[in-house]
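Colleague:
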Amino acid sequence: MSDGVEFSALELDALQETMNVGFGQAAASLSEVIDMQVVLSVPKVAMIANEGIAAFVRSEIQDPAAFCMVEQFFFGRFSGTSFLLLPENEGRKLVDLFGAQPDPEFAGESLDALERDIVVEIGNIIIGACVGKIAEMLKDVVCYHPPRYLAGPVDQELINRHIRPGGGLALVFKTVFKFERQDVLGFLFLVTGDDTASWLKKAVDEMLEGLL
Amino acid sequence: MTGNVLIVDDSLVARLSLKGILKETGLSLSEAPSGEAALEALAAGPPPALVFLDLTMPGLGGIETLRAIRDRFAGLPVVVVTADIQAKTLEAVRELGAFAIVRKPADKAEILGAAERAIGGGAAS
Chain H
0 MSDGVEFSAL ELDALQETMN VGFGQAAASL SEVIDMQVVL SVPKVAMIAN
50 EGIAAFVRSE IQDPAAFCMV EQFFFGRFSG TSFLLLPENE GRKLVDLFGA
100 QPDPEFAGES LDALERDIVV EIGNIIIGAC VGKIAEMLKD VVCYHPPRYL
150 AGPVDQELIN RHIRPGGGLA LVFKTVFKFE RQDVLGFLFL VTGDDTASWL
200 KKAVDEMLEG LL
Chain R
0 MTGNVLIVDD SLVARLSLKG ILKETGLSLS EAPSGEAALE ALAAGPPPAL
50 VFLDLTMPGL GGIETLRAIR DRFAGLPVVV VTADIQAKTL EAVRELGAFA
100 IVRKPADKAE ILGAAERAIG GGAAS
C-alpha cells in the first residue's frame, strides 16, 4: 500500500473469510429474487500493484468482448470500487432469471434496455449485500454511488479508466459465481482504495483478536 | 463432553475461530483444511464424535464431502458451518442428513449448543 501497510497470511485469510460471508449474504439476497441457487466459488484476496489490477481482472476472463460490467463505488472507512462482470451476450438468460418481459412494441431496443437494467439490478443486489456485510463484520457503514452499466469489451483499457489512479498496492477481492440451470458465469471484484489499507488492517486485527 | 471433534474448513481463521470456541468444552480438537483431508482423516480413524464442516471449499466441496461422510461413515453427526445461506443450499444440506446448520460468522452459543446436542445425544436441528 502507499503507506507501507502489509497484510500477513492470517490477515489475508481473515479477509478472504470475510468476503466469503459477504458473498454468501449476496448470493442469498439474489437467490431470493430470482428463485434460483447461485453456485459460489471460494473467494480470493490478493495484494496487487495498482497498475497490475486491469491485467489481473482481464486474466480471469477468456473473452473480454463477451462481458459487460457494472461499476459501483462504495464509501466509508471501507471504501473502494466494485466491478461485477456478467456475460453481455447472455442477456436473454438474465432477463429470464427475473421473469421480465420486454415491451413487444419496441422489441429489439426494449430488450437491450431491459437486459442492461437487469444487469445493473443484479450488480446492485450483489454488490450492496456483499460490501454491506463485509463492512458490517468490520464494524463500518458504507454509502454507495448508484451502479453504472459499462458495455464491453471488458478489456484493460476499460478497467484502467475506472480504477482510481495512485501508486503502491491495492487489495483485490475476487469471487466467481454461476447461476444454477442457466449456465451464466459472473465475476465480482472489489478493489480497495489506498486510504483504506491502514483501517482495514486494524479492523481485521480487531476481528481476529475477538475470534482467536 | 468427551470425544474428538474434527473441524473441516479451508480457512485457517475459521478453523482457529471454532477451536477458540470449543476449547472450553474439554473436547479433543483436530482439523482438516479440505474435504479430501477430512475423508482421509476419517478413514484413518478413530472416528470423531462430531464433524464441523464448511461448505464453500476448493476441491471437494462441503456438499460432496457431506455426501461422502453419509455414505462411508453413517451415523457420524455433521454440523455444517456455512456462509452460503441460500434456502436451496440449506435444503440440500438437510436432505443429506446434516445434524445442524450454523451460519457464518459462527455464533459461540450456536456452536456450543450444536456440539452439546450432537455429542450428548440430543435432537438434530
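As you go down the protein sequences, you meet chains H and R in turn.
Be aware that the first sequence starts at 0, since it is given in numbering that gives the first Met the number 0, and climbs by one per residue.
Be aware that the second sequence starts at 0, since it is given in numbering that gives the first Met the number 0, and climbs by one per residue.
Glycine included, each C-beta is placed from N, C-alpha and C at the ideal position.
Determine the burial state of M0(H): buried for a count of at least 16 other Cβ atoms within 10 Å of its Cβ, exposed for fewer.
Modeller: Confidence at M0(H) is low in this model, with a pLDDT of 46, below 50, so its placement is unreliable and the value that follows should be read with caution. Label assigned to M0(H): buried.
Colleague: Relative to the alpha-carbon of V77(R), which residue among S10(R), L21(R), R93(R) and G58(R) has its alpha-carbon at the smallest distance?
Modeller: Nearest C-alpha to V77(R) among S10(R), L21(R), R93(R) and G58(R): R93(R).
Colleague: Give me, in chain order, the residues of the same chain whose beta-carbon lies closer than 7 Å to that of A64(H); leave out the 5 immediate sequence neighbours on both sides.
Modeller: G151 and P152
Colleague: Tell me the residue span of the beta strand (DSSP E) that contains M68(H).
Modeller: F66 to F74
Colleague: Rounding to the nearest angstrom, what Cα-Cα distance links E87(H) and M56(R) in this structure?
Modeller: 29 Å
Colleague: What does A13(H) pair with, by DSSP beta-bridge criteria?
Modeller: Beta-bridge pairing links A13(H) to no other residue.
Colleague: Hey, does A82(R) have any beta-carbon neighbour from chain H nearer than 8 Å?
Modeller: True, the Cβ-Cβ gap to chain H drops below 8 Å.
Colleague: When DSSP labels each residue in this structure, what does G120(R) get in the three-state scheme?
Modeller: In this structure, G120(R) counts as coil in the three-state DSSP scheme.
Colleague: In three-state DSSP terms, what is E135(H)?
Modeller: Judged by DSSP in its simplified three-state form, E135(H) adopts helix.
Colleague: Closer than 8 Å is the cut-off here; do at least three beta carbon pairs connect the segment 16-35 of chain H with the segment 170-178 of chain H?
Modeller: Enough Cβ pairs lie closer than 8 Å, so yes.
Colleague: Please check the pair I125(H) and T17(H), which I expect to be a contact at CB under 8 Å, by giving their CB distance rounded to whole angstroms.
Modeller: Rounded, the Cβ-Cβ distance is 16 Å, inconsistent with contact.
Colleague: Measuring alpha carbon to alpha carbon, tell me which of S7(H), L39(H), L9(H) and A13(H) ends up nearest F22(H).
Modeller: L39(H)
Colleague: Are three or more beta carbon pairs between the segment 49-67 of chain H and the segment 81-98 of chain H nearer than 8 Å?
Modeller: yes
Colleague: Below 7 Å between beta carbons is the criterion; list the residues of the segment 5-37 of chain R that meet it against any residue of chain H, in chain order.
Modeller: D9, S10, L11, V12, A13, L15, S16 and G19
Colleague: If the criterion is Cβ atoms closer than 8 Å, does the pair I60(H) and L168(H) meet it?
Modeller: Cβ atoms of I60(H) and L168(H): not closer than 8 Å.
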